[in-house]
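To keep things clear, I will list the structure first and then write my remarks on it.
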Amino acid sequence: MSPSLFTLTASTPRAGIEAVSTPRRGPELSDAALFVAAAIAVWLTRRALRNRGRRG
135 MSPSLFTLTA
145 STPRAGIEAV
155 STPRRGPELS
165 DAALFVAAAI
175 AVWLTRRALR
185 NRGRRG
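Numbering-wise, my numbering comes out as the position in the sequence shown, counting from 1, plus 134.
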């Protein structure tokens with residue numbers, strides 16, 4: 135890496151450094167949606183495997 139390019143990249147301000155995090159107050163809607171999607175996927179998989187076992 136050339137010295138001038140290193141100086142340019144080292145002096146560039148970073149946008150995400152000054153972000154302030156807020157304390158979590160509970161599960162978000164996306165957390166609940168992910169849980170529901172996973173539960174449906176498990177239920178569908180178990181149902182398919184049960185049906186496959188009955189036929190074969």
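Idealized CB from N, CA, C, for every residue including glycine.
Being a predicted model, the structure only gives us computed values, none of them experimental.
What's the C-alpha gap between I174 and G160? 23 Å
Rounded separation between A171 and G187 - CA only: 24 Å
Residues of its chain near R181, where Cβ-Cβ distance is below 8 Å and the 5 sequence neighbours each way are ignored: none
List the endpoints of the continuous alpha helix (DSSP H) containing T179. 163-189
For V176 and R184, the rounded distance between their alpha carbons: 12 Å
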